[in-house]
Amino acid sequence: MIGFLKKINWMTLLIPIVSVILGLLCGAVIMLIIGYNPLLAYQSIVESIFLQPYYGGETIRAMIPLVLAGLAVAFAFRTGLFNIGVEGQLMVGWLASVACAIIFGHLPRVLLLPMSIIAGGAAGALWGYIPGLLKAKFKVHEVISTIMMNYIALYTTAYIIKNFLYHEGERTPTIPASASLASNFLANLTQGSRLHWGFIVVIIAVIAMWYILWKTTKGYELRAVGFSPDASKYAGMNVSRNIVLSLTISGIFAGLGGAMEGLGTYQYMTINSAFTGIGFNGIAVALLGLNSPIGVVFAGALFAGLQTGGLTMQSVAGVPVELIQIIIALIIFFVGSSYVIKWAIERLSRKGHKK
Amino acid sequence: MSIFEVLTIIIPSTLLTAAPLIFTSLGGVFSERSGVVNIGLEGLMSVGAFTAAISTLALEHSGFGDASPWIAILIAAIAGGLFSLIHAVVSISFRADQTVSGVALNFLAAGLTIFLVKMIYEGKGQTPYITHNIDKISIPGLSKIPFIGPIFFQQVTYTSYLAILVSVLVWFIIFKTPFGLRLRSVGEHPAAADTLGINVSRMRYIGVALSGVFGGIGGAVYLVTITSNYSVSTIAGQGFLALAALVFGKWHPIGAMGASLFFGFAQALSITSQQIPYLDRLPSVIMLTAPYVLTLIVLTGFVGRAEAPKADGVPYIKGQR
Amino acid sequence: GCGNGKTSGSSATKQTAFKAGEVTDVGGVDDKSFNQSAWEGLKSFAKDNNLKVGTGVKYLQSTQASDYSPNLNTMVHQNFNVVYGIGFLMQSDVQKIAEQNPKAHLGIIDAVAVDKNNKPLKNVASITFKEQQGSFLVGVVAGLTTKTNKVGFVGGINGALIKKFENGFKAGVKAVNPKADIYVQYAGAFDAPDKGAAIAQTFYTKGADIIYSAAGATGNGVFTEAKNRTKSGKKVWVIGVDKDQHDQGLPENVTLTSMVKRVDKAIYDVTKQAKAGKFPGGKVLEYGLEQNGVGIAPTTENVSKKALDAVSGYKKKIIDGSITVPTTDKEYKEYLANLK
Amino acid sequence: MSYAIEMRHIRKEFPGIVANDDITLQVEEGEIHALFGENGAGKSTLMNVLFGLYQPDQGEIYVHGKKAVIHDPNDATRLGIGMVHQHFMLIDKFTVAENIVLGKEPKKHGLLDMAKAVKIVKELSEKYGLDVDPNQKVEDITVGMQQRVEILKTLYRGSDILIFDEPTAVLTPLEIQELIVIMKRLVKEGKSIILITHKLKEIFEACDRCTVIRRGKNIDSVAISDTNPSELASMMVGRKVNVQVNDAPYEPKEKVLEVDHLTVLDSRKVNVIKELNLTVHGGEILGIAGVDGNGQTELIEAIAGLRKVKNGRIKINGQDVTNQKTRKIIEAGLGYIPEDRQKHGLVLDFSIGENMVLQTYYKKPYAQLGILQNKVITKKAKQLIQEFDVRTPSEKTLARSLSGGNQQKVIVAREVDRSPELLIAAQPTRGLDIGAIEFIHGKLIDEKKKGKAVLLVSFELDEILRLSDRIAVIYEGNIIDIVNPKETDENELGLLMAGRKKGGNQA
Ligand SMILES: Nc1ncnc2c1ncn2[C@@H]1O[C@H](COP(=O)(O)OP(=O)(O)OP(=O)(O)O)[C@@H](O)[C@H]1O
Ligand SMILES: Nc1ncnc2c1ncn2[C@@H]1O[C@H](COP(=O)(O)OP(=O)(O)OP(=O)(O)O)[C@@H](O)[C@H]1O
Ligand SMILES: [Mg+2]
Ligand SMILES: [Mg+2]
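As given, the protein sequences belong to chains E, Z, A and Y, one line each in that order. So in my numbering, the last spot in the first sequence is 355, and the numbers never skip. So in my numbering, the last spot in the second sequence is 676, and the numbers never skip. So in my numbering, the last spot in the third sequence is 1016, and the numbers never skip. So in my numbering, the last spot in the fourth sequence is 1523, and the numbers never skip.
This is how it looks when you write it as structure tokens:
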């Protein structure tokens, strides 16, 4: 870990920070123009997240699926693939975990909980495997196939719930407590938030992604194929298999994200008539986190914090929640424009030196 | 229902659903042919739909009557074009990753449009309904042709035909004019174009701006022919579908049109099939997922490999090797 | 603004002025449906009781399903005297918050809040509606108005709630017009006007001249299609839902009538009781024809005298119990069998 | 007398390096002027300054005696300067005619007039004897023809000063001869030419004068008639150059590669290799000579398992590897220096260290139980960097940022270090300077001395003649003859490569 710290390039760290500050500044300007009080708005966000355990807990809770979705996108990115299908993979993961928990409800917790989590990951894996296979075997562009898989997931999960796992309220029955990640301890700690044990899964996933990509031979292969399929082929690697593997692993992360919602946050799954949005947010989280596992955690925290805090901003300062989305968009633009920001920082610091 | 009756339902419905997709995917053709990936089509459609809603409302209020939605489409085209310039500046001048910028564009559009709706309509999350839509009509004369008429020329909107005509026009522009040649050269090999004195950045700005114009039109057409008001859920995935149509259509204007029509057809079929004997026995999920499953199947077999413009997604930095 | 919500726990101290709030789903307070209706109820309550909109009565909008819980929690912790969750989607969130804050008063629309043992929660007022009864009446109107003997029903998402609309409607049509064909289709979404339009197109092409849409914003597509048809000279009708949708049918005037669901009235009632210290916690309030909780829209200009008379006749029979309107497919089958 | 081009005291800095440091270049009207220097000496940079792609930090440019300010390629074109770039600037998916007229298209009613474009191209190509088919797509034509397209591009724009940046690096001997003829014809037409090349032979065949630069500085300008190759070479490197020759005795050992009646299809399903037989022994370098496009690439790819074999057998060390997976073939003893080093030889976004284990990363000692042993890899990389003299700040540097010569050294280091029984070297020295070429030649000879089999594929007859123990001539997918380098010369090889067997019969 110390070696890791040494490797940090300060510029790569500085850019997201500057971007966030710029994004927030722009948001403040918009608020001023429209006639809201930006100080009050931001104060309400910060106060709620850091001073009120409930919102702190909710922020971490919101982070759980977001970070997993972000890891899914980032993992695929690292291997040269753009997984827009996280949304669908997350949905099937959600359903599979809940279904497993309900169907095998009689099993003891030590078996049932891991099984349900694995079921979520496995379903996500399947949903990633298909576009992977289509790309490897038939050269179907993963951007289209994953978009298509999203819609297929949307309708299929709804159909399955409706016909096989229906409970009034347009949802599945509630999972047995033995499969639940929810915790009274955590809830009490955070004044009744929905914070659950899923964050442990996230920590494991973050470490796993880092370890797989940079410490294992499989990860080496995946990255090589991502950067240069041609050179990898010449070096004797199986390019097709690595594409499939990459999207499958990406799907596991996404599926786990769904499982966290199913076993942790909600304890059931509703019939979705539209996408959850978590998968698409995951794209932003990955980009903001520069596709690195640690970066995704920070980006996920920021995202979750803004979203949760945005709710208090709405109730305290009266600012429409959409402003949060605008600020997030601006932050992503700034991160993307790192070239200009770098240039500006360098100029500023040079000027500073001269003085 | 007889086959004929089924066709009189499905074909017009196909044309209606496809029109916004056609416009938007043509926008994508311009942008990506110039070498700028545009994931932001969804956002551009949102901006177009939003603009069309508020301008139609304003126009009909000032007595423009049936012309309102048409003028609104033009305004939306401009709005889309302007909005897309953000993507252009960030991804061309600031050298941002084009995917990153496109994703941000979608976020910004979703947030900004609803934010503005709330500002304009005193806190409401959606606009009122426009009263002057672009209507489905029977084309005089043509609709009287036996058999063909009722299938292709009844219950249709002019925008659908416009979309098809414009695809041909775009094909012409891209493949038959000096402008098109230059646009494509910039998307294939910007350094080569540069050495021949073609201003790479300018061509790419134009490509992206056109994608904004067309995306704006696509969103506007969706609004004035289908939804009639703007809310969060108005544009929910159509932009991504247009993106898929663009890739499906192999970055070719006519291909993109064909793919859009295919999506429109599959969707129309999925809805109408429930009223067609025998097909109605299938579980609804099969018909609902059919458009997407069919697309996957088609992509694996029949259309072969889609190849993007070579420099698509690659920022051009002068003098870099 | 209002309090900073720093107080923890749920000691609903009565020193502060009375406050009532609602948490909307993603549709927001102007969804032309129940969120809006609920908000209108709160607003008119505010007006009658000199409360300020924005502080005395207030709403929080959710942008995604995961926002329901924090939004409810925020209002509870800001010591709102009663907080409504609008829609059955919020059922489990309301239950959880109610259990965590036993002293808070909550309301839920379209669902019954229960504890782990399926007993109604003591601090939640569950507000439900007998949509089947109102739907029956518009079905009667449709059955008597159709010239083609074909009518359609467009549903949002196929589930228990919308099934009440469907079966009530079908029962009403069959009651007055046993030979009528009824086409039924669900769009699979409450926010897909394009699908609504496509389904309407299919129905109208198949010969239906009246469509009852119980599909939220998906129904907007039904209106668009009906207007298009009417403009091109083929008069068709739409029956609106939740609110009086007469205006939405203009200028082509395609709204035959609407099935109104008075969420506003229910909210107003419950809030009033809460203010008077008689919050109906633990009760399941069922709003039917009898309570004027459902019914046909006040605008009746497109409905024939004959149909109106039939409606009032059936209304009486439903209220006095001589007709039981079916809610599920099974009940509808039995109902049909009894008709013969 | 005024010069066609005079660049005075040009200075161009890049972050951290002075690419051109006070360079002066004088090109007389109607001459072919060679620009000669090591890789990275600053030749391309200087030419890019002249062509307006870079702005000089200092210095002045005179064109036909008049001071010129060149902001961009448009300015250069207006001044009559045209450039054929080191890496071709052609759009693969466009036709020849489209590539030529791009940016200055003939129009009719505002639309592209392709018919006219084709006509213009035909006329131009006839006038200068530059044979091209205007309607073919660039991706379908040979490298030689692509080069002609590049030249036509400049002529179409009316250039009278032509810059050729390493035009011959990718050409076959025949094509080089043709190019020299073309250049001479162009000069006769009144054009002036600047030619960049690493090949002394060409300079002496084609050029009138030569300017030598080293590390961004002017060394000298000389008339070709006043100098000789070894003088120029040492002027360029700054020291004496030792030419590597294959002087180790030829003692062939057991067969390492056996190719038996091999038939291979190309992407268009045409037989590109037909019933080909070939054997390479341990302890020998077998050179394959041939004109580009006669099946060399396909032969190598088939051996490496990258292309399906339709018929026939391939054996390495007696093991049948026909249609096996590439990895299996590598494990059977294949080493491979691919033709396209950037696309096939390296993962450019990997560090040098990571590239050093591209085929061995999963094996001990670089991995244990699927876990990379980064310390071992780093140590190995450091050792190879030292041993092969790779010029890089560290093993963590990305391969992308290395110069071409150093990239090639990384590949050679990796392949040689694995000590494969069979080493295939495809165009191993293309585009490299003399120093780097000799280094790599030395390494190939070392392999032979170790008793390994080396299969060398090159368009450089010189290289083939100097290194090979036996030379196999490939023509239209078949080995038409095997000759002893000691008993043949370039002329005979040239004839064989054109399909003529000894005795003057058409093969
Ligand atoms: N775009 C650039 N950015 C930074 N440095 C550059 C750039 N282009 C060239 N250089 C530097 O300038 C030096 C000269 O490069 P140049 O390409 O002119 O060499 P060259 O003489 O053409 O070599 P070769 O014979 O291999 O073509 C290089 O060593 C390199 O360090
Ligand atoms: N765009 C660039 N930015 C930074 N450094 C560069 C750039 N291009 C080249 N260099 C550096 O310049 C040096 C020499 O580059 P150059 O490409 O001229 O080498 P080369 O040996 O001439 O390659 P080639 O044989 O491919 O022409 C390398 O060390 C490389 O790191
Ligand atoms: Mg070079
Ligand atoms: Mg060079």
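In this text, a Cβ means the ideal position worked out from N, Cα and C, and glycines have one as well.
Residue burial is scored here from C-beta neighbours: E:W343 has fewer than 16 other C-beta atoms within 10 angstroms and is therefore classed as exposed. For A:H753, the enclosing alpha helix (DSSP H) has its first and last residue at Y744 to H753.
Annotation: A:F955 is outside any beta strand (DSSP E) and is labelled neither H nor E by DSSP. Z:G570 sits close to Z:M400, with the two beta carbons spaced by under 8 Å. The beta carbon of A:I833 sits closer than 8 Å to some beta carbon of chain E. Apart from sequence neighbours up to five positions away, the residues of its chain that approach A:Q861 with a beta-carbon distance below 8 Å are G828, F829, V830, G831, I875, T878 and F879, ordered along the chain.
Using a Cβ-Cβ cut-off of 8 Å, E:T156 is close to V640 and T644 of chain Z, given in chain order. Looking only at Z:G573, Z:I494, Z:V587 and Z:I366, the smallest Cα-Cα distance to A:S908 is reached by Z:I494. Y:T1227 and Y:T1184 have their C-alpha atoms spaced approximately 18 Å apart.
Scanning its chain for C-beta atoms nearer than 6 Å, with the 5 sequence neighbours on each side dropped, one finds no residue around Z:L437. Rounded to the nearest whole angstrom, the C-alpha separation of A:H753 and Z:P367 is 54 Å.
Around the beta carbon of Y:E1503, fewer than 16 other beta carbons sit within 10 angstroms, so the residue counts as exposed. Along the segment 281-312 of chain E, the positions whose C-beta sits under 7 Å from a C-beta of chain Z are I283, A284 and L287, read in chain order. At a C-beta separation below 7 Å, E:K215 has these neighbours in chain Y: I1387 and L1388. Listed in chain order, the alpha helix (DSSP H) runs fully inside the segment 1405-1459 of chain Y are 1420-1433, counting runs of at least 4 residues. When rounded, the separation of the alpha-carbon atoms in Z:A611 and Z:T580 is 21 Å. Residue-level contact by beta carbon holds for Y:V1363 and chain E, with a gap shorter than 8 Å. Bridge pairing for Y:S1237: Y:T1227 [DSSP]. Residue pairing by DSSP places E:H196 opposite E:A182 in a beta bridge. Per DSSP, the beta-bridge partners of A:G783 are A:Y760 and A:A801.
With contacts defined by Cβ atoms closer than 8 Å, Z:T644 and E:Y234 do not form a contacting pair. Taking a contact as a CB-CB distance under 8 Å, the pair Z:P424 and Z:G573 does not count as one, their CB atoms being some 14 Å apart. Interface with chain Z (8 Å Cβ-Cβ cutoff): Y:M1105 is included. Rounded to the nearest angstrom, the Cβ distance from Y:D1485 to Y:E1300 is 4 Å, consistent with a contact under 8 Å.
E:R61 counts as buried, since at least 16 other C-beta atoms from the protein chains shown sit within 10 angstroms of its C-beta. DSSP places A:A696 within a strand segment (E or B) once states are collapsed to three. Going by DSSP, Y:E1274 is part of no alpha helix (DSSP H) but of the beta strand (DSSP E) stretching over K1271 to L1281.
Chain-order list of chain Z residues neighbouring A:P778: empty, with the shortest C-beta distance near 33 Å, by a criterion of under 7 Å.
With contact defined as three or more Cβ pairs closer than 8 Å, the segment 149-167 of chain E and the segment 288-301 of chain E are not in contact. Here the alpha carbons of A:K795 and A:G819 stand approximately 40 Å from one another.
Residues of chain A with a Cβ closer than 7 Å to the Cβ of E:E58 are, in chain order, P746. Boundaries of the beta strand (DSSP E) harbouring Y:F1030: I1021 to F1030, taken from the DSSP string.
Close to chain A, meaning a Cβ-Cβ distance shorter than 9 Å, are the following residues of the segment 256-281 of chain E: E261, T265, Y266, Q267, Y268, T270, I271, N272, S273, A274, T276, G277 and I278. For A:S908, at least one C-beta of chain Z is nearer than 8 Å to its own C-beta. For E:Y234, the chain Y residues whose Cβ falls inside 8 Å of its Cβ are A1320, L1322, T1342, Y1352, P1354, H1360 and G1361, in order along the chain. Residues of chain A whose Cβ lies closer than 9 Å to the Cβ of E:G121 do not exist; the shortest such Cβ separation is about 21 Å.
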